[in-house]
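Take 81 as the starting number for the sequence shown in our numbering and just add one per residue.
Ideal placement from N, C-alpha and C gives every residue a C-beta, glycine not left out.
As the structure is a prediction and not an experimental result, all values here were calculated from the model.
Have a look at the structure below, then the notes.
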Amino acid sequence: MRSSRRLIVVTGTATEIGKTWVAARLLRELRAEGFSVAARKPAQSFDPDDALTDAHHLANATGEEPTDVCPRHRWFPVPMAPPMAADALGRPPFTIAELAAEITWPVPAPDIAMVECAGGVRSPHASDGDAISLIEELQPDLVLLVADAGLGTINAVRLSLEAIDHGSHVATPIVVLNRYDPSIELHRRNREWLESHLPVEVLSSVPAVMNRLRPA
81 MRSSRRLIVV
91 TGTATEIGKT
101 WVAARLLREL
111 RAEGFSVAAR
121 KPAQSFDPDD
131 ALTDAHHLAN
141 ATGEEPTDVC
151 PRHRWFPVPM
161 APPMAADALG
171 RPPFTIAELA
181 AEITWPVPAP
191 DIAMVECAGG
201 VRSPHASDGD
211 AISLIEELQP
221 DLVLLVADAG
231 LGTINAVRLS
241 LEAIDHGSHV
251 ATPIVVLNRY
261 DPSIELHRRN
271 REWLESHLPV
281 EVLSSVPAVM
291 NRLRPA
């Protein structure tokens with residue numbers, strides 16, 4: 081399971097927050113700079129009418145196959161949390177330990193290995209746990225918490241950070257404000273509030289995150 085030089089988990093304050101977009105863009109740019117990268121999505125649920133899944137987007141960024149990113153038996157074509165989707169499809173339940181055990185990495189180990197969670201930090205990932213449970217199982221080097229930059233950001237980030245702090249033993253995540261526009265006053269004030277009131281690093285651009293992800 082743990083076979084990489086640096087393991088990063090990407091989670092979010094909610095679903096549809098842009099986790100896959102952020103992860104894929106970071107992976108694509110790291111790869112363009114010559115770093116070896118790989119991505120994994122332990123389980124994914126989706127609308128069957130979607131042309132591309134998260135696994136497709138991540139695979140396009142890393143040069144892997146979608147079924148390398150997410151095992152084919154963990155694709156659930158029902159837009160619900162993965163364990164709920166599995167139940168709706170009549171498939172057997174699965175555990176966090178099983179999801180973690182199914183994660184394999186290329187040989188030789190990539191410079192950066194990235195695991196993208198499903199939904200928000202408290203979204204169910206298996207019959208016995210959520211994104212925080214998966215983070216605890218994987219023990220990554222870094223967690224990126226993707227949040228929207230607009231209304232509701234402060235509440236969502238605070239609740240997510242509190243949940244992670246109480247539910248795992250990893251370092252405080254880095255908050256990534258997606259869709260951040262410095263010309264919008266609300267976005268600027270949200271970032272300033274988070275930085276001044278919370279002991280957390282807040283980044284608002286892909287270049288800034290890239291600087292944190294580049295291996296030393």
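Runs of alpha helix (DSSP H) wholly within the segment 147-187 (minimum 4 residues, chain order)
162-168 and 176-181
Residue 129 to residue 158 span [Cα, whole Å]
10 Å
How many Å lie between residue 115 and residue 164 at the Cα?
Looking at the backbone, the Cα of residue 115 and that of residue 164 are separated by about 36 Å.
Just to confirm, are residue 92 and residue 226 a CB contact at a threshold of 8 Å?
yes
Counting Cβ pairs closer than 8 Å, one from the segment 278-288 and one from the segment 249-258, do we hit at least three?
yes
Would you call residue 210 buried or exposed, if buried means 16 or more other Cβ atoms sit within 10 Å of its Cβ?
buried
Going by Cα to Cα distance, which pick from 294, 230, 246 and 288 is closest to residue 270?
230
As assigned by DSSP and simplified to three states, the class of residue 111
DSSP places residue 111 in helix when its eight states are reduced to three.
Below 8 Å on the Cβ atoms is my guess for residue 139 versus residue 149; work out the distance and round it to an integer in Å.
5 Å
Residue 221 to residue 131 span [Cα, whole Å]:
33 Å
Counting C-beta neighbours from all protein chains within 10 Å, is the total for residue 249 16 or more, i.e. buried, or is it exposed?
exposed
Which of helix, strand or coil DSSP assigns to residue 229:
coil
Can you tell me whether residue 198 is buried or exposed? The criterion is at least 16 other CB atoms within 10 Å of its CB, across all chains shown.
buried
For residue 178, the nearest candidate out of 206, 96, 201 and 200 (CA to CA)
206
What is the rounded straight-line gap between the Cα of residue 232 and the Cα of residue 202?
The alpha-carbon of residue 232 is positioned some 17 Å away from that of residue 202.
Taking the beta carbon of residue 287 as the centre, do at least 16 other beta carbons fall within 10 Å, making it buried, or is it exposed?
exposed
Counting only the same chain and skipping the five closest in sequence on each side, list residues whose C-beta sits under 6 Å from that of residue 94.
So the list reads 200, once near-sequence residues are dropped.
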